[in-house]
Amino acid sequence: MPSSSVPPRLQEHSPCPSLSISDLMLVRFLHRSSIRILLFARFVSRRGSSPDVPGPFTLKQAIPEENKSVSSLCVKVMDRLEGAARLMIVSDLDSTMVDHLDPENLSLLRFNALWEAFYRDNSLLVYSTGRSPTSYKQLKIKKPLLTPDVTIMSVGTEIMYGESMVPDAEWECYLNQKWNRDIVTGETAKFPELTPQVSNAQEELLEWYSENAKNNHQITHATERCAAGIIQAIGTFSLGPNVSPRDIRDSLKCTVEICNPGHEVVKFYLFYERWRRGEVERSDHFINNLRLLFNSMGTFVHPSGIEIPFSQCIDELANSYGDQLGMQFRVWVDRVSVAQICSDTWLVKFDKCELCGKDRERRVTTVLLSSRHAELPREFMWIYMHQTWLDGLFSGGEDQRPWLF
Numbered sequence: 127m128p129s130s131s132v133p134p135r136l137q138e139h140s141p142c143p144s145l146s147i148s149d150l151m152l153v154r155f156l157h158r159s160s161i162r163i164l165l166f167a168r169f170v171s172r173r174g175s176s177p178d179v180p181g182p183f184t185l186k187q188a189i190p191e192e193n194k195s196v197s198s199l200c201v202k203v204m205d206r207l208e209g210a211a212r213l214m215i216v217s218d219l220d221s222t223m224v225d226h227l228d229p230e231n232l233s234l235l236r237f238n239a240l241w242e243a244f245y246r247d248n249s250l251l252v253y254s255t256g257r258s259p260t261s262y263k264q265l266k267i268k269k270p271l272l273t274p275d276v277t278i279m280s281v282g283t284e285i286m287y288g289e290s291m292v293p294d295a296e297w298e299c300y301l302n303q304k305w306n307r308d309i310v311t312g313e314t315a316k317f318p319e320l321t322p323q324v325s326n327a328q329e330e331l332l333e334w335y336s337e338n339a340k341n342n343h344q345i346t347h348a349t350e351r352c353a354a355g356i357i358q359a360i361g362t363f364s365l366g367p368n369v370s371p372r373d374i375r376d377s378l379k380c381t382v383e384i385c386n387p388g389h390e391v392v393k394f395y396l397f398y399e400r401w402r403r404g405e406v407e408r409s410d411h412f413i414n415n416l417r418l419l420f421n422s423m424g425t426f427v428h429p430s431g432i433e434i435p436f437s438q439c440i441d442e443l444a445n446s447y448g449d450q451l452g453m454q455f456r457v458w459v460d461r462v463s464v465a466q467i468c469s470d471t472w473l474v475k476f477d478k479c480e481l482c483g484k485d486r487e488r489r490v491t492t493v494l495l496s497s498r499h500a501e502l503p504r505e506f507m508w509i510y511m512h513q514t515w516l517d518g519l520f521s522g523g524e525d526q527r528p529w530l531f
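Residues 127 to 531 (this note's numbering) are what the sequence shown spells out, left to right.
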């Protein structure tokens, strides 16, 4: 995509200053009267380029020494990955990733399941929002947002990393060079027509879209809203799997080509949610299938510290069918990480998030999966599970609820 066809605003704020705009695929989502921007970055081999241009490269290799302070976004987040990111999604939040007209958050939950099942282990998720850190944290309480690798806030002036939201001090120092807020506010006060908060430049973006995007195959006009449009774009550009596990109604059947420990965890908790919501048939088939998937000698360590046999947990789940029928009850997983500890055994760590009405709980969960003992083809056997409350997010007294996973 020639840089001349990109609005100057986008050229100036490319997330990786050392990469040309042609290294990025710009995707704009046009829905009714609003237009939003997404950036998908793929790190690909530059076949046919001059000999002095590297082939497959990582961001660390691509960033010149003099740009490292500006490009810390492109450096620090790579530590989680073994190599170059397979895919990087940079998304605004309000009316882009988050649909405020979707009270059930279904499109966001569909994206969550897709990302954690197929992309979390080798790709990067970046939120870029005009919200302040305080406003962003308030949104996280209201909406089932995944934990991004990077959060860019306050219109690009604050960059933070990971769950702990570690601030990028280098970026802050870079922006503070020769910056004097008092001078700026003093000068702008001379113009009463100016307001501190700018608009979305909606007319400008719509005009740019009509002039440049219609015949550009690197830009897609999504027909679905918000996070569902992001899933649609992944499919349009053939960036990878684009069928969310939430779109597969029989969650216990692996009907996709890619079957991995992360997908196994997502699939199980989708069934767990649907069983308790009464959205699947109350059949012994499902419970018997669970008994094949969970080792008969396996143990679940509850956040209270009590050890419970898997068999008892399955019995409790069987008796909990439809106990959340008609309720606002949703379950999703976040921060899935997988470590293969031997040829047929994996250690999977993730946050299990559960929303029930206005109450939300989050458990740090560690699971041991094995393919050696699995009794079903292309399945994993659950050997062990351990959960702890995440930072005291369970605020009740003694937990009298059933011993559910």
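Heads up, the beta-carbon is just placed ideally off N, CA and C, and yes, glycines get one too.
In the displayed model, His-226 falls within coil according to three-state DSSP, outside both helix and strand. Each residue's CA atom was taken as its position, placing Leu-451 and Phe-394 some 19 Å apart. Collapsing the DSSP output to three states places Phe-426 in a strand. Contact between Leu-419 and Trp-508 holds: their C-beta atoms lie close to 6 Å from each other, under 8 Å. Just so you know, the alpha carbons of Thr-471 and Thr-273 end up roughly 26 Å apart.
According to DSSP, Trp-458 shares a beta bridge with Cys-479. Around the C-beta of Ser-254, 16 or more other C-beta atoms lie within 10 Å, and the residue is accordingly described as buried. Here Arg-486 is actually not in contact with Ala-353; their C-beta atoms are around 19 Å apart, not less than 8 Å. In this structure Val-459 does not touch Val-406 by the C-beta definition: roughly 19 Å separates them, more than the 8 Å allowed.
Pairing Phe-244 with Arg-461, the inter-Cα distance amounts to about 12 Å. With contacts defined by Cβ atoms closer than 8 Å, Ala-210 and Leu-250 do not form a contacting pair. Collapsing the DSSP output to three states places Phe-506 in coil. For Tyr-245, no beta strand (DSSP E) segment is defined, and its DSSP state is neither H nor E. Fully contained in the stretch 260-291 are the following beta strand (DSSP E) runs of length 3 or more, in chain order: 276-279 and 284-287.
Going by C-alpha positions, Asn-341 is about 29 Å away from Ser-370. Per DSSP, reduced to three states, the secondary structure at Pro-318 is coil, with no helix or strand assignment. Using a Cβ-Cβ distance cut-off of 8 Å, the stretch 214-225 and the stretch 260-275 are in contact, since at least three pairs of beta carbons, one from each stretch, lie closer than that value. With respect to the 8 Å criterion, Phe-426 and Phe-436 are classified as neighbours on the basis of their beta carbons. Following the DSSP letters along the chain, one finds Pro-387 in no beta strand (DSSP E) but inside the alpha helix (DSSP H) bounded by residues 387-403. Taking a 10 Å sphere around the C-beta of His-389, we find 16 or more other C-beta atoms and assign the residue as buried. Here DSSP, grouped into helix, strand and coil, assigns Ser-496 to strand.
If you draw a straight line from the Cα of Leu-320 to the Cα of Arg-307, it comes to about 16 Å. In the DSSP assignment, Glu-433 falls within the unbroken beta strand (DSSP E) covering 433-435. Counted as a single uninterrupted DSSP element, the stretch harbouring Tyr-300 is not any beta strand (DSSP E) but the alpha helix (DSSP H) occupying residues 295-302. Ranked by Cα distance from Pro-293, the first of Val-281, Asn-302 and Val-276 is Val-276. Minimum Cα-Cα distance from Trp-515 among the listed residues Asp-228, Lys-478, Leu-240 and Val-493 corresponds to Lys-478. In this structure Cys-439 is buried. Its beta-carbon is surrounded by 16 or more other beta-carbon atoms within 10 angstroms.
Residue range 214-217 is occupied by the beta strand (DSSP E) that includes Ile-215.
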